[in-house]
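Protein chains in written order, with my numbering: chain A, 1 to 242; chain B, 1001 to 1298.
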């Protein structure tokens, strides 16, 4: 059942992009992140970190289309009467952008690694790769659930994507700005203790805590989505529109 | 037993969209089988009634049971009810067969089986040659037939069709009606329409609704009956009856208004010297019943 939702999403995405558009997208994506990126950085580890963030930018806009696009194409009402439970539909709608984002990102990451090795640069260690892979899963999940939240509210894909971009911009600019403001206020001893938490790399308590925090954020957002999707189904007109 | 339960039972159901009342204490029982017509003007509340049946809209007050269960609270009827809204709900960029195959896949059907089922229903609908055409390239008529095929694709207990022939030319509309007739078989088909000849042709029973309320229910035949009214045609045109000479209308018939036994009235007519060529009960068509009820015919 979830497979049917994934197939539906894939066919629609493929047709919307067109064969030429899809090939162009893949070519640009592979050239920029597979060749240009490793060639532009002296430190491959720093360049590799980009692959933890890319899935957010791929999954988000795809997820925004999930319900806003159905609304725009006037297929939402029929879809809501499909022989499918709300949770399965939601799972399919979330998995499609995540899978697409991760498959494309990881494919390019393989190319990146090969090209880095060909250039004779020192490859990052397995811990860095594992952190980037996990980070990618987190950012794809975050992109998908944020995009779905926006999609449930947005009337059109364009307005949804604008909302998503604003949210993303607020996060991307807001977090460094907040850190930049907050960190100098904190006692140096506290900062040193926090830095110690990250000693030991991938298995350090700091990294594990961040991973747990990421998991918590995604789970909370997912549970909230599950609640909201039921509201999408049954409209209570006396309490507002769908 | 589930089969003994009515398809849908509305008990004083009201639905409001803000200040607008879409259903106003609707009382209606829809049987579990046959073709049931929901007739009414645009904005009468037909589509809202459908949305409440499939659980997309929650009533403001009253109680609605669909096959004995609250549709807004249970999701099991998703497998039992299939709907064709005014918008066909097909994905324009997918082919007809892909649309059908994906729909069957929602119920867990393997792809090869789903494809096979899709081809089968297209054959039954009379449009097998459009299976590989993208929906956006179809004519309005074929698109409607493809949507109808999607609606009847999976086994279900209730099929709801909201204005299935709207915006179709008479030839295509007739094809769609034939398809509905052939595909409905042993399930309940709830047909929402303002096309009254269509309702007369297809429905076993109908409900006429206006302003969110039921005005009348019954079989189209029963609704068309006009007790005490008889049509008489004679060789001379006029009818001599109980001392009066009655002139025929433009259609050549004289309308007799008499509650008496028709056989006795006929004998009286003949005995009065009328050469009767035709004598039958007057029947209204559904359109005139509808216009009369909604006050539009005045």
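For glycine and all other residues, C-beta sits at the position ideal for the given N, C-alpha and C.
Min CB distance residue i to chain B below 8 Å
| i | result |
| --- | --- |
| residue 72(A) | no |
| residue 77(A) | yes |
| residue 225(A) | no |
| residue 222(A) | no |
Neighbouring residues, chain A, relative to residue i (Cβ below 9 Å)
| i | result |
| --- | --- |
| residue 1094(B) | 8, 11, 12, 15 |
| residue 1137(B) | Under the 9 Å cutoff, chain A gives no residues; its nearest Cβ is about 12 Å from residue 1137(B). |
Of the listed residues the options, nearest to residue i (C-alpha basis)
| i | options | result |
| --- | --- | --- |
| residue 1082(B) | 1050(B), 1044(B), 1111(B) | 1050(B) |
| residue 51(A) | 217(A), 110(A), 190(A) | 110(A) |
| residue 1125(B) | 1143(B), 1066(B), 1016(B) | 1143(B) |
| residue 3(A) | 1005(B), 1006(B), 1106(B) | 1106(B) |
| residue 216(A) | 129(A), 60(A), 116(A), 138(A) | 138(A) |
| residue 1163(B) | 1193(B), 1173(B), 1287(B) | 1193(B) |
| residue 121(A) | 23(A), 29(A), 41(A) | 41(A) |
| residue 1220(B) | 1206(B), 1210(B), 1226(B), 1160(B) | 1206(B) |
| residue 262(A) | 46(A), 70(A), 60(A), 29(A) | Nothing in the structure corresponds to residue 262(A), since chain A is present only between 1 and 242. |
| residue 1176(B) | 1202(B), 1014(B), 1016(B), 1047(B) | 1202(B) |
| residue 1223(B) | 1292(B), 1286(B), 1088(B) | 1286(B) |
| residue 227(A) | 179(A), 58(A), 90(A), 169(A) | 90(A) |
| residue 101(A) | 15(A), 26(A), 159(A) | 26(A) |
| residue 158(A) | 44(A), 60(A), 54(A) | 60(A) |
| residue 1109(B) | 1046(B), 1136(B), 1079(B) | 1079(B) |
| residue 1139(B) | 1172(B), 1098(B), 1026(B) | 1172(B) |
| residue 153(A) | 6(A), 76(A), 12(A) | 76(A) |
| residue 952(B) | 1113(B), 1065(B), 1026(B) | Here chain B covers residues 1001 to 1298 and nothing more, so residue 952(B) does not appear. |
| residue 1275(B) | 1019(B), 1235(B), 1032(B), 1260(B) | 1235(B) |
8 Å Cβ cutoff, residue i in contact with chain A
| i | result |
| --- | --- |
| residue 1085(B) | yes |
| residue 1154(B) | yes |
| residue 1106(B) | yes |
| residue 1235(B) | no |
| residue 1010(B) | no |
| residue 1019(B) | no |
| residue 1252(B) | no |
| residue 1098(B) | yes |
| residue 1115(B) | no |
| residue 1297(B) | The predicted position of residue 1297(B) is uncertain, since its pLDDT is 49 and thus under 50; a value taken from the coordinates is nonetheless stated next. Chain A contact via Cβ: absent. |
| residue 1002(B) | Caution applies to residue 1002(B), whose pLDDT of 47 falls short of 50 and renders its modelled position unreliable; the model cannot decide the point. |
Per-residue contacts from residue i into chain A (C-beta, under 8 Å)
| i | result |
| --- | --- |
| residue 1102(B) | 4, 7, 8, 11 |
Within chain B, the residues that residue i reaches when beta carbons sit closer than 7 Å
| i | result |
| --- | --- |
| residue 83(A) | 1078, 1079, 1106, 1107, 1154 |
| residue 80(A) | 1056 |
Under 8 Å by beta carbon: chain B residues contacting residue i
| i | result |
| --- | --- |
| residue 1(A) | 1105, 1106, 1107, 1108 |
CB contact check: residue i to chain C, cutoff 8 Å
| i | result |
| --- | --- |
| residue 1089(B) | Here chain C cannot be found, since the structure's protein chains are A and B. |
| Relative to chain A, which residues along the stretch 1045-1057 of chain B have a C-beta separation below 7 Å, given in chain order? | 1054, 1055, 1056, 1057
| task | Return the residues of the stretch 1177-1204 of chain B that lie within a Cβ-Cβ distance of less than 7 Å from chain A, sorted by chain order. | result | none
| task | Can you give me, in chain order, the residues of the stretch 54-65 of chain A that have a beta carbon less than 9 Å from any beta carbon in chain B? | result | none
| Below 8 Å, can you find three or more Cβ-Cβ pairs linking the stretch 75-92 of chain A to the stretch 1054-1063 of chain B? | yes
| query | Below 8 Å, can you find three or more Cβ-Cβ pairs linking the stretch 1228-1240 of chain B to the stretch 1278-1292 of chain B? | reply | yes
| field | Residues of the stretch 1202-1224 of chain B with Cβ closer than 7 Å to any Cβ of chain A, in chain order | value | none
| query | Quick check: the stretch 56-66 of chain A against the stretch 163-183 of chain A, are there 3 or more CB pairs under 8 Å? | reply | yes
| query | Should the stretch 25-38 of chain A be regarded as contacting the stretch 91-111 of chain A, the criterion being three or more beta carbon pairs within less than 8 Å? | reply | yes
| request: Evaluate contact between the stretch 1240-1250 of chain B and the stretch 1057-1076 of chain B, counting only Cβ atoms and requiring at least three cross-stretch pairs below 8 Å. | output: no
| Within the chosen definition, does the stretch 1247-1256 of chain B reach the stretch 1151-1162 of chain B through at least 3 CB pairs nearer than 8 Å? | no
| Can you find at least 3 beta carbon pairs, one from the stretch 186-196 of chain A and one from the stretch 97-109 of chain A, that sit closer than 8 Å? | no
| said: Tell me whether the stretch 1083-1102 of chain B and the stretch 1036-1046 of chain B touch, counting them as touching only if at least three CB pairs, one residue from each stretch, are closer than 8 Å. | reply: no
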